[in-house]
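Only one structure is covered here, and it is reproduced in the block below.
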Amino acid sequence: MWSTFIVTLKTNLRDKSALFWLIVFPIALATMFNGVFGGLDKAMSITPVSVAVVQDTNWTNAVGASTLIDALAGKQASTNATVDNTTDGNNNADATIGDIDIGVKLLDITEVDSATQARDLLNQGKTDGTIAADNNGRLELTLGSDTVATANNGTQDVGLDVSLAALDNVIDQYNRTSATVRTALKDNPTAAITSTFWNGIGSAMNGTKEVQLTNFKPDVMARYYYALMGMACLIAMSYMIHTVTTAQANLSALGIRRTVAPLGRAKQLLAGFLAGWLCSCTCLLIALAYIRYGCGIAVGGREPLAVLAVVVASFMTCSFGTMIGAIPKLTTGVKQGMSTAIACGLSLFSGLYGGFAMELSDLIVRKAPLLAAINPAQQVTNLFYSLMYFDSTQPFVRTCAILLAMSAVFLAAGVIMLRRQRYEHL
86 MWSTFIVTLK TNLRDKSALF WLIVFPIALA TMFNGVFGGL DKAMSITPVS VAVVQDTNWT
146 NAVGASTLID ALAGKQASTN ATVDNTTDGN NNADATIGDI DIGVKLLDIT EVDSATQARD
206 LLNQGKTDGT IAADNNGRLE LTLGSDTVAT ANNGTQDVGL DVSLAALDNV IDQYNRTSAT
266 VRTALKDNPT AAITSTFWNG IGSAMNGTKE VQLTNFKPDV MARYYYALMG MACLIAMSYM
326 IHTVTTAQAN LSALGIRRTV APLGRAKQLL AGFLAGWLCS CTCLLIALAY IRYGCGIAVG
386 GREPLAVLAV VVASFMTCSF GTMIGAIPKL TTGVKQGMST AIACGLSLFS GLYGGFAMEL
446 SDLIVRKAPL LAAINPAQQV TNLFYSLMYF DSTQPFVRTC AILLAMSAVF LAAGVIMLRR
506 QRYEHL
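Each position in the sequence shown, counted from 1, maps to that position plus 85 in my numbering.
Structure follows, in structure tokens:
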């Protein structure tokens, strides 16, 4: 049995086609994913916008404008803004409006004394835009034509369009809140002396906050990489298909010799199964290591569980390959073709082939969860999803149990078909 294990292991390692599809293909496709999708995280990030701030008389009269711009420039960030509830004769509140805590640097500011100086800096390309206050205390953002073109292009300065959208939202919120405060104080001047009024204004100013629901922040495109792992795992069926078909006397001369060999068929298949399991585990671990460290797709510090996921997935695919290899009266080529078609077909429903496939996969999970549960490619990808998106390990354990149950069914079907095979002559 040990000799059979060694011989089968050497045969698998010499199978250049299997090594290509299990090592070279996942690495090549992961490299393509990294090249195509690698900049998407940066595209959704905030990059500082260079602006010239006109600090003239209107700016001085704009309540809280300096505090807002300083916070956006990272000079200060108040976690609990304090308000001096006093008013002047014109019912203008001498206060910082709202709670300013953005946590990121949105602006690189250059202070100037006049609008003319700001326009000169903008025309010289030294700033992306200007910020000034009008007679009513409203802030106005002016952008250069080159800045707008760059933001619309989206490739020259990654993340600029996101930053401009965020900046426009913040300034718009300031203007609306400032107008609300002025109108309220005009109608009810005594409101400025009540804490309820200012607490209401502060709560209205609170923006959207990023909340982390998972144990870490996963990569945006991680799903594609682990859908690729699901496909590569199913392609590994080829090892066991080759092992089982070479033990069948009606398919090859080697099968005839192995049938009349002193070592029983059960031990031959067990040795071949262990060799195929070891080879598929090794190949998939190489692909996983490249995805994790070469492409930087993290699993939240759960690398040991990711290795366990590969072991369980490899056991399932070897069991699946045993069942396909045991189908009678089909040649090795037909069975290998079936395995490739199954791997490619099921990968469609696990979301490998782009946004449409991802939407289809999500739709199946929502509308027909049973179909998703019996899809081996989907369950392999779920192994890694459960590590990335859940704090608890229960989803991971549940997915492992589903794959082991599949393995038991595949092995039982394969054993039944092999036991029924008899030959009239060799």
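All residues carry an ideal CB built from backbone N, CA and C; glycine is no exception.
Taken through DSSP and simplified to helix, strand or coil, S135 comes out as strand. Boundaries for D447: no beta strand (DSSP E) harbours it, while the alpha helix (DSSP H) harbouring it runs G440 to K452, taken from the DSSP string.
Here T93 carries a helix assignment [DSSP, helix/strand/coil]. Counting along the chain, V197 sits inside the beta strand (DSSP E) bounded by residues L192 to V197. In the structure shown, L319 adopts helical secondary structure according to DSSP, grouped into three states. In the three-state reduction of the DSSP assignment, L226 falls in the strand class. Counting C-beta atoms within 10 angstroms of its own C-beta, T232 has 16 or more neighbours from the protein chains shown and is therefore classed as buried.
Residue pairing by DSSP puts T215 in a beta bridge opposite A137 and T227.
L192 is not a Cβ neighbour of P111, given a cutoff of 7 Å. Remark: three or more beta-carbon pairs, one from each stretch, lie closer than 8 Å, so the region 429-444 and the region 315-323 are flagged as touching.
With contacts defined as CB atoms closer than 7 Å, A115 and C380 qualify as a contacting pair.
N208 sits exposed, since fewer than 16 C-beta atoms from the chains shown fall within 10 Å of its C-beta.
In this structure, V121 is the residue among A383, L94 and V121 with its C-alpha nearest to the C-alpha of G439. In the same chain as T227, and ignoring 5 residues on each side of it, the C-beta atoms closer than 7 Å to its own belong to G214 and T215, in chain order.
Its Cα nearest to that of C364, the residue L104 stands out among L104, S263, R223 and T201. Annotation: G385 to F475 spans about 10 Å, alpha carbon to alpha carbon. The beta carbon of D304 sits closer than 6 Å to those of I382, all from its chain and outside the five residues before and after it, given in chain order. Of the residues assessed, P389 falls on the exposed side of the cut-off, its CB having fewer than 16 other CB atoms within 10 angstroms. Boundaries for V305: no alpha helix (DSSP H) harbours it, and the DSSP string shows neither H nor E there. The beta carbon of L468 is closer than 6 Å to those of A394 and T484 in its chain, skipping five residues each way along the sequence. Taking 7 Å as the cut-off, the Cβ atoms of F90 and A411 do not count as close. Close CB contacts of L370 within its chain, under the 7 Å cut and outside five residues either way in sequence, are with V392 and V395 (chain order). With at least 16 other beta carbons inside 10 angstroms of its own, W362 counts as buried. A Cβ-Cβ separation of about 7 Å places I320 in contact with T425 under the 8 Å criterion.
Restricting attention to alpha helix (DSSP H) runs no shorter than 4 residues, the region 363-417 encloses them at 388-410, ordered along the chain.
Nearest C-alpha to A137 among M443, N254, T195 and N221: T195.
I459 carries a coil assignment under DSSP once its states are collapsed to helix, strand and coil. In the structure shown, G149 falls within a coil segment according to DSSP collapsed to helix, strand and coil.
For M502, the three-state secondary structure derived from DSSP is helix. In this structure, DSSP gives L437 a state outside helix and strand, which the three-state scheme calls coil. For A200, the uninterrupted alpha helix (DSSP H) run begins and ends at A200 to N208, by DSSP.
Judged by DSSP in its simplified three-state form, S471 adopts helix. T96 and S248 have their C-alpha atoms spaced approximately 56 Å apart.
When secondary structure is reduced to three states using DSSP, N254 falls in the helix class. Judged by DSSP in its simplified three-state form, K271 adopts helix. A Cβ-Cβ distance of about 5 Å is found for the pair Q464 and I487, placing them in contact under the 8 Å criterion.
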